[in-house]
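**Student:** Residue numbers (the UniProt record's numbering): 1 to 148. First the structure, which I've put down as structure tokens, then a few questions once you've had a look.
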């Protein structure tokens, strides 16, 4: 495998702008396990090996979450995930695949049962941020270990 383009070196200002967004979002979401699950699930959907590897490792640093990682793609079929995590995962999937059906009002109402409106905005920002990272990584040919 070969990195197509090291966007960090070629355009450090673009990288800095993305990092500013990442820092904002990561500072808003207090539940770091929830945040890593969000990033892993979106990265699975988008097929981003770089981000999937990074965030799975980040989640494992937070504790024994191997089962969560292994079963995340089938979260609807296992009792492992909390109702709050399930609602967040449904939102993450729906926003990531927004062209399929938009975002139904019923889903937003379910999210509001577990998150404040400010937290909902933070989740939307987090979903959009990891989608952007995935698109950058995939387009530039990033893969696990490419910057080592």
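Ideal Cβ positions, reconstructed from N, Cα and C, are used throughout, including at glycine.
Using a Cβ-based criterion (distance less than 7 angstroms to any ligand heavy atom), does residue 94 qualify as near the ligand ZN?
**Tutor:** Absence of the ligand ZN is noted for the structure shown, with no ligands found whatsoever.
**Student:** Comparing C-alpha positions only, which one of 145, 146, 132, 148 sits nearest to residue 45?
**Tutor:** When each option's Cα is compared against that of residue 45, the closest is 132.
**Student:** With DSSP as the reference, label residue 29 as helix, strand or coil.
**Tutor:** Looking at residue 29 - three-state DSSP - the assignment turns out to be coil, as it is neither helix nor strand.
**Student:** Could you name the residues of the same chain whose beta carbon sits closer than 7 angstroms to that of residue 137, not counting the 5 residues immediately before and after it, in chain order?
**Tutor:** The residues are 48, 50, 51.
**Student:** Does residue 82 come out as helix, strand or coil in the three-state DSSP assignment?
**Tutor:** Of the three classes helix, strand and coil, the one that applies to residue 82 here is coil, per DSSP.
**Student:** Find the nearest neighbour of residue 134 within the set 16, 108, 10, 39, judged by alpha-carbon distance.
**Tutor:** Measuring from the Cα of residue 134, the nearest candidate turns out to be 39.
**Student:** Would you kindly work out how many angstroms separate the C-alpha atoms of residue 151 and residue 127, rounded to a whole number?
**Tutor:** This structure gives no information on residue 151, because the portion of the chain shown stretches from 1 to 148.
**Student:** Pairing CB atoms from the segment 116-126 with CB atoms from the segment 50-70, are three or more of them under 8 angstroms?
**Tutor:** Too few Cβ pairs lie closer than 8 angstroms, so no.
**Student:** Consult DSSP for residue 35 and reduce its assignment to one of helix, strand or coil.
**Tutor:** DSSP places residue 35 in helix when its eight states are reduced to three.
**Student:** With H, G and I counted as helix, E and B as strand and the rest as coil, what does DSSP make of residue 114?
**Tutor:** Correct three-state label for residue 114: coil.
**Student:** Count the other CB atoms, across all protein chains shown, that sit within 10 Å of the CB of residue 55; report buried if there are 16 or more and exposed otherwise.
**Tutor:** Result: buried.
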